[in-house]
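First comes the structure, then the notes that go with it.
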Amino acid sequence: MAKFVYRMQSILNIKEKMEEQAKVAFGAANAELRVEEERLQRLFQRQIQYLAEGTMLRQAVLDPLKLQENENALDYMEDAIKSQKIRVKKAEEALERARQVLQEYMIERKTHEQLKEAAFEEFKEELAKEESKEVDELVSYVYGRRRSVEEEIASLL
Numbered sequence: 684m685a686k687f688v689y690r691m692q693s694i695l696n697i698k699e700k701m702e703e704q705a706k707v708a709f710g711a712a713n714a715e716l717r718v719e720e721e722r723l724q725r726l727f728q729r730q731i732q733y734l735a736e737g738t739m740l741r742q743a744v745l746d747p748l749k750l751q752e753n754e755n756a757l758d759y760m761e762d763a764i765k766s767q768k769i770r771v772k773k774a775e776e777a778l779e780r781a782r783q784v785l786q787e788y789m790i791e792r793k794t795h796e797q798l799k800e801a802a803f804e805e806f807k808e809e810l811a812k813e814e815s816k817e818v819d820e821l822v823s824y825v826y827g828r829r830r831s832v833e834e835e836i837a838s839l840l
């Protein structure tokens with residue numbers, strides 16, 4: 684029996700490897716986004732702590748130096764939060780780009796798999812035709828052989 688060989692198997696293998704690499708890149712981008720979001724959450728928590736500390740400082744005996752330090756810390760937190768939001772946005776954009784690349788590679792791989800499936804179906808049809816042809820030839824040979832044997836027997840009688 685003939686063996687099916689897909690002539691573009693090497694291309695399909697490359698597409699599968701590229702898809703795997705895109706999956707890894709997507710995972711890394713997703714992890715980076717999670718890290719940046721976590722940093723942003725920690726900054727928000729620190730800001731809340733500074734706000735609470737400022738409230739306590741205003742309720743206790745006023746210490747202008749500590750109040751100034753608290754205000755400076757809150758200003759710093761606002762700047763840090765703005766910067767971190769920008770990093771989160773960049774990480775989201777990188778994740779979206781990685782998702783799009785992954786989607787393109789998945790589409791290409793699926794297309795090549797469909798082409799391989801179609802080639803395999805065509806191979807099976809050709810194989811069935813060849814087998815049918817061989818059966819027809821065998822039947823014709825057997826029928827012809829039987830007829831010639833019957834004619835020999837008839838001529839002998």
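Just so we're aligned: the sequence shown equals residues 684 to 840 in the working numbering.
Even for Gly, the Cβ is constructed at its ideal location relative to N, Cα and C.
Is the beta carbon of Ala735 within less than 7 Å of some heavy atom of the ligand MN?
This structure lacks the ligand MN; in fact it carries no ligand of any kind.
Burial state of Phe803, where buried means 16 or more other Cβ atoms lie within 10 Å:
The count along the sequence shown starts at 1 and reaches residue 803 at position 120. With fewer than 16 other Cβ atoms within 10 Å, it is exposed.
Boundaries of the alpha helix (DSSP H) in which Tyr824 is found, first to last residue
What you label residue 824 is simply residue 141 of the sequence shown in a count that begins at 1. Secondary structure note for Tyr824: its alpha helix (DSSP H) is the uninterrupted segment 747-839.
Relative to the C-alpha of Met691, which candidate in Thr794, Leu810, Asp819, Ser823 has its C-alpha closest?
Residue 691 sits at position 8 when you count from the first residue of the sequence shown. Nearest C-alpha to Met691: Thr794.
Leaving aside the five residues before and after Phe709 along the sequence, list all residues of the same chain whose C-beta is less than 7 Å from its C-beta, in chain order.
Start at 1 with the first residue of the sequence shown, and residue 709 comes out as number 26. Closer than 7 Å at the Cβ level, and outside the excluded window around Phe709, lie Ala781, Arg782, Leu785.
Going by DSSP in three states, Met691 sits in which element: helix, strand or coil?
The sequence position of residue 691 within the sequence shown is 8, counting from 1. If DSSP states are grouped into helix, strand and coil, Met691 belongs with coil.
Under three-state DSSP, which class holds Leu686?
For this step, residue 686 is matched to residue 3 along the sequence shown. Just to set this straight, residue 686 is Lys in the shown sequence, not Leu. Coil.
If you reduce the DSSP assignment to three classes, tell me which class Ala743 lands in.
Position 60 of the sequence shown, counted from the start, is the residue given in the question as residue 743. Coil at Ala743, not helix or strand.
Please report the distance separating the alpha-carbon of Leu757 from that of Leu748.
As a first step, residue 757 is located in the sequence shown; it is residue number 74 there, counting from the start. As a first step, residue 748 is located in the sequence shown; it is residue number 65 there, counting from the start. The straight-line gap from Cα to Cα measures roughly 14 Å.
Whose C-beta lies closer than 7 Å to the C-beta of Glu863 among residues of the same chain, with five residues either side of it excluded?
This structure cannot settle anything about residue 863, because the visible part of the chain is limited to 684 through 840.
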